[in-house]
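2 protein chains.
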Amino acid sequence: MSGSDLFTGTLELLILRCLAGGPRHGYAVGRFLRESSGGVLDVEEGALYPALHRMERKGLLASSWGKTETGRRAKFYNVTPDGGARLEEERVRWAEYARAVDGVLQESEG
Amino acid sequence: MSGSDLFTGTLELLILRCLAGGPRHGYAVGRFLRESSGGVLDVEEGALYPALHRMERKGLLASSWGKTETGRRAKFYNVTPDGGARLEEERVRWAEYARAVDGVLQESEG
DNA sequence: CATTATACCTAGTTCTCATAGGCATAGCCC
DNA sequence: GGGCTATGCCTATGAGAACTAGGTATAATG
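Shown next as structure tokens:
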């Protein structure tokens with residue numbers, strides 16, 4: 000509960016978006032989200048890795064072992080066609096949801 | 000999984016906001032969220048009522064039985080001082096999180 | 001009188017996240 | 001060489017929250 004619990008329902012969207020630009024390994028996905036958000040999106044490894052496995056089981060991602068630039072062993076993930084379609088769906092769903100929440104929040108107070 | 004699962008982490012914020020303008024009963028909270036969002040925010044009763052009870056246990060809400068305009072028995076909830084403080088916290092947290100997610104989504108693609 | 005909408009409730013399932021460990025290797029400093 | 005940190009992966013367990021799928025009761029409507 001330290002960070003979010005807001006992740007539920009958006010974590011897979013975020014991961015898909017991270018990988019849409021090209022393959023990345025899991026650790027790099029977590030680092031990218033954290034750094035590109037100034038620390039707001041801080042995904043615990045205990046949430047990140049299970050999510051990646053889950054998404055691979057669902058056919059949204061595919062993976063292969065390889066090496067990082069510094070010669071370390073790492074598992075690289077890429078978005079499958081199904082994953083690409085899901086990314087667009089989730090994108091729309093998020094936009095719709097966020098707009099609705101903002102609408103309620105900004106409602107003029109009686 | 001039919002509707003959202005995006006609610007996790009925002010449902011309490013939405014409820015607090017609904018009640019910030021004055022007391023409402025549970026059923027009316029659900030209806031208000033659904034109608035004011037064009038159906039996007041459709042909270043199941045199995046999520047709504049437990050959330051209200053939970054928030055009352057936490058001291059964010061207080062309740063009292065009363066009657067609706069049409070003479071029906073209903074439990075009315077109002078926001079406590081703690082609930083008011085929480086509303087502002089959650090508001091900030093949501094704004095920060097939503098901005099971060101939008102930032103990742105809109106990142107220029109390689 | 002039967003059906004619908006209102007208005008409340010909860011037990012059980014399922015899913016996801018966080019906690020809290022574990023393993024292995026590369027680079028750094030002492 | 002020895003210890004520490006960062007990288008990179010993993011999972012078992014627990015907690016928490018939403019959904020499913022029921023239930024109750026009453027007022028209005030056909």
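Protein sequences, first through last, are from chains A and B. For reference, each letter of the first sequence is one residue, going 0 to 109 in numbering that gives the first Met the number 0. For reference, each letter of the second sequence is one residue, going 0 to 109 in numbering that gives the first Met the number 0. For glycine and all other residues, C-beta sits at the position ideal for the given N, C-alpha and C.
Taking C-alpha atoms, which residue in A:SER36, A:ARG53, A:ASP101, A:ARG71 lies nearest to GLU11 (chain A)? A:ARG53
With a cut-off of 7 Å, does the C-beta of SER1 (chain A) fall near any C-beta of chain B? Residue confidence is low: SER1 (chain A) scores 34 on pLDDT, short of 50, so the model does not pin down where it sits. Its coordinate-derived value is still stated next. False, the Cβ-Cβ gap to chain B never drops below 7 Å.
8 Å CB neighbourhood of GLY109 (chain A) in its chain, flanking five on each side removed: Legend: pLDDT at GLY109 (chain A) = 44, less than 50; position of this residue unreliable, value from coordinates given subsequently. Excluding residues within five positions, none has a Cβ falling inside 8 Å.
Of the listed residues A:ALA27, A:ASP41, A:GLU87, nearest to THR69 (chain A) (C-alpha basis): A:ALA27
Report the residues of the segment 6 to 19 of chain A with a CB closer than 9 Å to any CB of chain B, ordered along the chain. PHE6, THR7, GLY8, THR9, LEU12, LEU13, ARG16, CYS17, ALA19
Give me, in chain order, the residues of the same chain whose beta-carbon lies closer than 8 Å to that of PHE75 (chain A); leave out the 5 immediate sequence neighbours on both sides. PRO22, ARG23, HIS24, SER62, SER63, TRP64, GLY65
Label GLU44 (chain B) either buried or exposed according to how many other C-beta atoms from any shown protein chain fall within 10 Å of its C-beta, with 16 as the threshold for buried. exposed
So, at 7 Å on beta carbons, what are the nonlocal neighbours of LEU40 (chain A) in its own chain, with the 5 sequence-adjacent residues on each side left out? LEU13, LEU32, ARG33
Any idea what DSSP makes of GLY70 (chain B), helix, strand or coil? coil
Burial state of VAL91 (chain A), where buried means 16 or more other Cβ atoms lie within 10 Å: exposed
Residues of chain B with CB under 8 Å from LEU32 (chain A), in chain order? VAL103
By the three-class DSSP mapping on this structure, what secondary structure does VAL78 (chain A) have? strand
Contacts that MET90 (chain B) makes with chain A (C-beta to C-beta distance below 9 Å): A small correction: the amino acid at residue 90 (chain B) is Arg; Met does not occupy that position in the sequence shown. Correct list: LEU104.
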